[in-house]
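In the working numbering, the protein residues as written are 38 to 313. All C-beta atoms, glycine included, are put in the ideal place defined by N, C-alpha and C. Computed from a predicted structure; not experimentally measured. Accompanying notes for the structure given below.
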Amino acid sequence: MPFMPVKFNLQKRVKLAQGLWMIYWLSVIVGILIFSLGLFFKVELRKRSEMMDNNESHLVPNLLILVGLLAGGVSAFGGKVCHDSLDPVKFAKWKPMLKPYLLLCCGFNVLMLFTALLCFLMQFAVYLTLAEGLKNSIKFYKDTDTPGRCFMKRTLDMTQIEFRCCGNNNFRDWFEVQWISNRYLDMSNDLVKDRVLSNVEGKYLMDSVPFSCCNPGSPRPCIQHHLTNNTAHYDYDHRIEELNIWSRGCREALFAYFSSMMNSIGASSSSPSCWR
Numbered sequence: 038m039p040f041m042p043v044k045f046n047l048q049k050r051v052k053l054a055q056g057l058w059m060i061y062w063l064s065v066i067v068g069i070l071i072f073s074l075g076l077f078f079k080v081e082l083r084k085r086s087e088m089m090d091n092n093e094s095h096l097v098p099n100l101l102i103l104v105g106l107l108a109g110g111v112s113a114f115g116g117k118v119c120h121d122s123l124d125p126v127k128f129a130k131w132k133p134m135l136k137p138y139l140l141l142c143c144g145f146n147v148l149m150l151f152t153a154l155l156c157f158l159m160q161f162a163v164y165l166t167l168a169e170g171l172k173n174s175i176k177f178y179k180d181t182d183t184p185g186r187c188f189m190k191r192t193l194d195m196t197q198i199e200f201r202c203c204g205n206n207n208f209r210d211w212f213e214v215q216w217i218s219n220r221y222l223d224m225s226n227d228l229v230k231d232r233v234l235s236n237v238e239g240k241y242l243m244d245s246v247p248f249s250c251c252n253p254g255s256p257r258p259c260i261q262h263h264l265t266n267n268t269a270h271y272d273y274d275h276r277i278e279e280l281n282i283w284s285r286g287c288r289e290a291l292f293a294y295f296s297s298m299m300n301s302i303g304a305s306s307s308s309p310s311c312w313r
């Protein structure tokens, strides 16, 4: 931005003021958009907090909310100055504030670019948080009677249904944990007892997945139990047949959702700095 004084005649000054006025009020709209995106991002992080083990960072959405508010205020002030610059009497009171305002605009543009950069850089942190959070969510899926984890089953089921995913990396993650509570296991049954005793950690492991992993678009009724046992189902071979459960892991699905959101927000945050 130039800080050296430049002289314009009345006609050029009017055109300049009108052009800047439009740019500043467009920036107000962009500021409102950034503020709204920041709020939306924060709400989405809160909603998926359990899937991130409550360790998600709110630095980016908080910065977006702050930047959105500042963008609206700074741009509205600039629009007011441009409007009053057409009147020599009104412009006289704003003239001493122009240089500090231009410096403020430069600093604010740096803040906007920094926020946009964070939107891209923080995606790796989101990926790691999702990996750990989903791993624990699957482990605590069965703890419906444990305070603080009562709704983990519902949350994870709804996530798998909404994002059409299964497990952390894939559906086989469910094979490695006991996801059915002992409360619902008939320990008097020899098959159940043998399965528990055969595991060194005393867990009831099986090649099954929760109902929320089922793909409703499959023409075949959902096979969610004995997935790797070909003899347990008619005309079935898990090695060559396309399973009727979601094959995509929830970490990949959720990360794709958040990364696309952060990319869009980053582009929206950086664009005003470029054309201003």
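Put residue i into one of helix, strand or coil per three-state DSSP.
i    : result
I302 : helix
S308 : helix
C251 : strand
I282 : strand
V80  : helix
H95  : coil
H262 : coil
R257 : coil
M243 : coil
E238 : coil
W131 : helix
H275 : coil
F188 : coil
Y178 : coil
In angstroms with no decimal places, state the Cα-to-Cα distance between residue i and residue j.
i    : j    : result
M134 : V163 : 42 Å
V246 : M89  : 21 Å
L158 : L148 : 15 Å
L107 : D180 : 45 Å
N219 : V233 : 10 Å
M38  : C143 : No answer about M38 holds up, because its pLDDT of 46 lies below 50 and its placement is not dependable.
A293 : V80  : 17 Å
L139 : L165 : 40 Å
L141 : S305 : 20 Å
S64  : S94  : 27 Å
F295 : R288 : 10 Å
S86  : T196 : 12 Å
L167 : L291 : 8 Å
C251 : D194 : 11 Å
E299 : L70  : In the sequence under discussion, the amino acid at residue 299 is Met, which differs from the Glu named in the question. Distance between the alpha carbons of M299 and L70: 14 Å.
Under a Cβ-count criterion, where at least 16 other Cβ atoms within 10 Å of its own Cβ denotes burial, should residue i be classed as buried or exposed?
i    : result
A153 : buried
G239 : exposed
D182 : exposed
D210 : buried
F72  : buried
E237 : It is worth fixing the name first, because residue 237 is Val in this sequence and not Glu. Flag for V237 reads exposed.
F78  : buried
C187 : exposed
Among all the DSSP beta bridges, which residues are the ones paired with residue i?
i   : result
I71 : Answer is none; I71 lacks a bridge partner.
At a cut-off of 7 Å, would you count residue i as near the ligand COA, judging by its Cβ distance to the nearest heavy atom?
i    : result
C156 : Looking for the ligand COA in the displayed structure turns up nothing, as the structure carries no ligands at all.
- prompt: Between the region 271-290 and the region 56-64, do three or more beta carbon pairs fall short of 8 Å?
  reply: no
- prompt: Is the region 203-216 touching the region 171-181 in the sense that three or more CB pairs, one from each, lie closer than 8 Å?
  reply: yes
message: Whether or not the region 119-131 and the region 84-103 are in contact is what I'm after, with contact meaning three or more pairs of Cβ atoms, one per stretch, closer than 8 Å; do they touch?
response: no
message: Can you confirm whether the region 253-262 touches the region 218-226 when touching is taken to mean that 3 or more C-beta pairs between the two stretches lie within less than 8 Å?
response: no
message: Across the region 261-275 and the region 138-148, are there enough close Cβ pairs to call them in contact, namely three or more that are closer than 8 Å?
response: no
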